[in-house]
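Student: Following this message is one structure expressed as structure tokens.
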Amino acid sequence: MVDDEPLITNLFETSLREAGYLTEIADNGKKAMERFLYGDFNIVITDINMPEMDGRSLLDNLKSVKPDVIVIVITGYPSVDSAIESMRLGAYDYITKPIDPDTVINVIKRAWDKQSLELQKADLLKRLQEANLRLTEANEMLKELDQLKSHFISTVSHELRTPITSIKGSIGLILNNTIGSVDDDTKELLNICYKNTDRLIRLINNLLDIQKIEAGRFELNRENTDIRRLVEECATALKPFAMEFNVTLCSELPDSKIIVFADKDRISQVIYNLISNGVKFSRGGRVVITVGNAEQGVHVMVSDTGPGIPHGKFDEIFGRFNLVKTVSDTTVKGTGLGLSICKAIIEEHRGKIWVESLPGKGSVFHFTLPKDHEEKRISNIEQGM
Numbered sequence: 010m011v012d013d014e015p016l017i018t019n020l021f022e023t024s025l026r027e028a029g030y031l032t033e034i035a036d037n038g039k040k041a042m043e044r045f046l047y048g049d050f051n052i053v054i055t056d057i058n059m060p061e062m063d064g065r066s067l068l069d070n071l072k073s074v075k076p077d078v079i080v081i082v083i084t085g086y087p088s089v090d091s092a093i094e095s096m097r098l099g100a101y102d103y104i105t106k107p108i109d110p111d112t113v114i115n116v117i118k119r120a121w122d123k124q125s126l127e128l129q130k131a132d133l134l135k136r137l138q139e140a141n142l143r144l145t146e147a148n149e150m151l152k153e154l155d156q157l158k159s160h161f162i163s164t165v166s167h168e169l170r171t172p173i174t175s176i177k178g179s180i181g182l183i184l185n186n187t188i189g190s191v192d193d194d195t196k197e198l199l200n201i202c203y204k205n206t207d208r209l210i211r212l213i214n215n216l217l218d219i220q221k222i223e224a225g226r227f228e229l230n231r232e233n234t235d236i237r238r239l240v241e242e243c244a245t246a247l248k249p250f251a252m253e254f255n256v257t258l259c260s261e262l263p264d265s266k267i268i269v270f271a272d273k274d275r276i277s278q279v280i281y282n283l284i285s286n287g288v289k290f291s292r293g294g295r296v297v298i299t300v301g302n303a304e305q306g307v308h309v310m311v312s313d314t315g316p317g318i319p320h321g322k323f324d325e326i327f328g329r330f331n332l333v334k335t336v337s338d339t340t341v342k343g344t345g346l347g348l349s350i351c352k353a354i355i356e357e358h359r360g361k362i363w364v365e366s367l368p369g370k371g372s373v374f375h376f377t378l379p380k381d382h383e384e385k386r387i388s389n390i391e392q393g394m
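All letters in the sequence shown, in the order written, are residues 10 to 394 by this note's numbering.
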């Protein structure tokens, strides 16, 4: 406390100490400043009008040394303007004479509470800034790791695809007796090799597709495409595969064409994947592909008689590396990439893909595609001819 009137300082020193505050007294601003520099003070109560260094000068010096120190000024009624000016310069509050000790203690309590809140706020802000810094650094590391992963997948996939394609082609030549005949046992082994190289090529292509999706370089080559024909081609290609699993493969298709403006290779990839998944999970059962018109688009369904999917897994199975697993069939192997790629392809076409399933009752995978204006434009041309 800083005041040049001993009566006031003695009174308040006693009152403040009784209230539990450690208090030091100075009779002018200069002495107060000297003590402040070598002590640890949270609150300074100072008169404005004092010799050697007045209260406003003391306030200015205190704030330059410790900006968060709380300063309360004491003033007589004629000096209220000076007190208000002191508050503008950074004082917390002012008290007018004559002074009541209880009033001073209440002001100090409010000031102490304010400082405690300010310190908590500063501490929380510091922690938040440190956490944000750590999060930013972690994100940068994740970006670098993601770039390394994408580069690794792309490089390895390209390096593997060429020799594996060459191996597949060479095995195909042998199986077709192009370079001479082979016995049945050898053919059986070569067929196994051929199928496995085909599986590896699909895996490599899936990895490359995932890399393109993550990099935002997944492009579509759209053209007017008959969805019915794509289903027929995929079903025909997968019939030998279905026979291996003793699965009946059926198509329910409309009599007329259903044209969509889409990337036919990518949509074929979706259909192929959904049918092959259905076959793998429907050993000894049935897979049906249905095509029909939907509101402003086309609706494709692939239903199977497999063990079904738990309700809580419907969204999860379209995530990357999430293999469709069921309680009753844990023998099906795979990478879990196919459905996530299907989802990306359909959504890139502004369509929707989803599944309906009941455990023990099989599953139905749906996707819809908009027909788009390109099909309408061609229809109008045909009508005008």
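Cβ atoms here follow ideal geometry from the backbone N, Cα and C, with glycine treated the same way. What you are looking at is a predicted structure, and each value in this text was computed from that prediction instead of being measured.
1. Suppose the cutoff is 6 Å on Cβ atoms and the five residues either side in sequence are ignored; what does the same chain contact list for Gly301 look like?
2. Check whether the region 310-328 touches the region 344-360, counting contact only when three or more Cβ pairs, one atom from each stretch, lie closer than 8 Å.
3. Beta-carbon separation of Gly306 and Phe290 under 8 Å?
4. Let me know the secondary structure DSSP gives Val165 once reduced to three states.
5. Can the beta-carbon of Leu213 be found less than 8 Å from the beta-carbon of Arg170?
6. Between the alpha carbons of Thr257 and Asp194, how many angstroms are there, rounded?
7. At a cut of 8 Å, does the region 154-168 reach the region 186-206 through at least three beta carbon pairs?
8. Indicate the three-state DSSP secondary structure (helix, strand or coil) for Ala35 in the structure shown.
9. Let's test the definition: count the other Cβ atoms within 10 Å of the Cβ of Phe374 and tell me whether it reaches 16, buried, or not, exposed.
10. Leaving out the 5 sequence neighbours to the left and right, which residues in its chain are closer than 7 Å to Ile387 when beta-carbon positions are compared?
11. Taking the continuous alpha helix (DSSP H) assigned at Ser24, which residues delimit it?
12. Near Ile54, what residues of its chain come up, given a Cβ to Cβ distance below 6 Å and the 5 sequence neighbours on each side ignored?
13. Using DSSP with H/G/I as helix, E/B as strand and the rest coil, what is Asp90?
14. Taking the alpha-carbon positions, what's the Ser125 to Asn148 distance?
15. Can you list, in chain order, the residues of its chain with a C-beta nearer than 8 Å to that of Glu261? Leave out the 5 residues immediately preceding and following it.
16. Mind checking Ala246: buried by the 16 CB within 10 Å criterion, or exposed?
17. Is the CB-CB distance between Gly317 and Gly369 below 8 Å?
18. Leaving out five residues before and five after Ser285 in sequence, what residues of the same chain have Cβ atoms less than 7 Å from its Cβ?
19. Helix, strand or coil, according to DSSP, for Asp235 in the structure here?
20. Would you identify the three-state DSSP class for Val256, choosing helix, strand or coil?
21. Could you work out which residue in Asp69, Asp122 and Lys123 is closest to Arg97 when comparing CA atoms only?
22. Give the secondary structure of Lys361 by DSSP, where H, G and I count as helix, E and B as strand, and everything else as coil.
23. So, Ser95 versus Arg65, is the Cβ gap smaller than 8 Å?
24. Could you check what DSSP says for Ser372 in three-state terms: helix, strand or coil?
25. Please report the straight-line C-alpha distance between Gln129 and Glu27, rounded to a whole angstrom.
26. Which of helix, strand or coil does DSSP assign to Ser337?
27. Since I believe Leu378 is in contact with Val269 (beta carbons under 8 Å), could you give me their beta-carbon distance rounded to a whole number of angstroms?
28. I'd like to confirm the pairing. Which residues does DSSP put opposite His308 in its beta bridges?
29. Which one of His320, Ile176, Ala244 and Ile108 has the shortest CA to CA distance from Leu283?
30. Where Met252 and Leu151 are concerned, what is the direct C-alpha to C-alpha distance, given to the nearest angstrom?
31. Please work out which residues of its chain come closer than 7 Å, Cβ to Cβ, to Ala35, disregarding the five sequence neighbours upstream and downstream, and give them in chain order.
32. Is the beta carbon of Ser372 less than 8 Å from the beta carbon of Asp324?
Tutor: Reading from the atomic positions:
1. Result list for Gly301: His308, in chain order.
2. Short answer: they touch.
3. For Gly306 and Phe290, no; Cβs fall outside 8 Å.
4. The three-state reading of DSSP puts Val165 in helix, counting H, G and I together.
5. Leu is not the amino acid found at residue 213; the sequence shown has Ile there. Closer than 8 Å, so yes.
6. Our two residues, Thr257 and Asp194, have alpha carbons roughly 28 Å apart in a direct line.
7. No contact exists between the region 154-168 and the region 186-206.
8. Assignment of Ala35 by DSSP, reduced to helix, strand and coil, places it in the strand class.
9. Taking all protein chains in view, the Cβ of Phe374 is crowded by 16 or more other Cβ atoms within 10 Å, so the residue is classified as buried.
10. Confidence at Ile387 is low in this model, with a pLDDT of 45, below 50, so its placement is unreliable and the value that follows should be read with caution. For Ile387, where only same-chain residues beyond five positions count, the Cβ hits under 7 Å are Asn233.
11. That run of the alpha helix (DSSP H) goes Pro15 to Glu27.
12. So the qualifying residues of the chain are Met10 and Ile81.
13. Collapsing the DSSP output to three states places Asp90 in a helix.
14. Inter-residue distance for Ser125 and Asn148 is about 34 Å (C-alpha atoms, whole angstroms).
15. The beta carbon of Glu261 is closer than 8 Å to those of Val297, Ile298, Thr299 and Val300 in its chain, skipping five residues each way along the sequence.
16. Of the residues assessed, Ala246 falls on the exposed side of the cut-off, its CB having fewer than 16 other CB atoms within 10 angstroms.
17. Their beta carbons are under 8 Å apart, which means Gly317 touches Gly369 by this criterion.
18. Shown here for Ser285: same chain residues with a beta carbon closer than 7 Å to its own, the five before and five after excluded, namely Leu247 and Phe250 in chain order.
19. Asp235 falls in the strand class under three-state DSSP.
20. In the structure shown, Val256 sits in coil (DSSP, three-state: anything other than H, G, I, E or B).
21. Cα-wise, what sits closest to Arg97 is Asp69.
22. The answer is strand: DSSP assigns Lys361 an E or B state.
23. Yes, these two residues count as a Cβ contact at 8 Å.
24. Strand at Ser372.
25. Glu27 has its alpha-carbon roughly 27 Å from the corresponding atom of Gln129.
26. Confidence at Ser337 is low in this model, with a pLDDT of 47, below 50, so the placement of that residue should be treated as unreliable; the coordinate-derived value is given next. Under the three-state reduction of DSSP output, Ser337 falls in the coil class, being neither helix nor strand.
27. The C-beta distance from Val269 to Leu378 rounds to 5 Å, short enough to fall under 8 Å.
28. The secondary-structure analysis by DSSP pairs His308 across a beta bridge with Gly301 and Thr377.
29. The residue from His320, Ile176, Ala244 and Ile108 with its alpha-carbon nearest to that of Leu283 is Ala244.
30. Computed Cα separation, rounded: 45 Å.
31. Cβ within range, chain order: Val11, Ala41 and Arg44.
32. If you check the CB distance, Ser372 and Asp324 do not come in under 8 Å.
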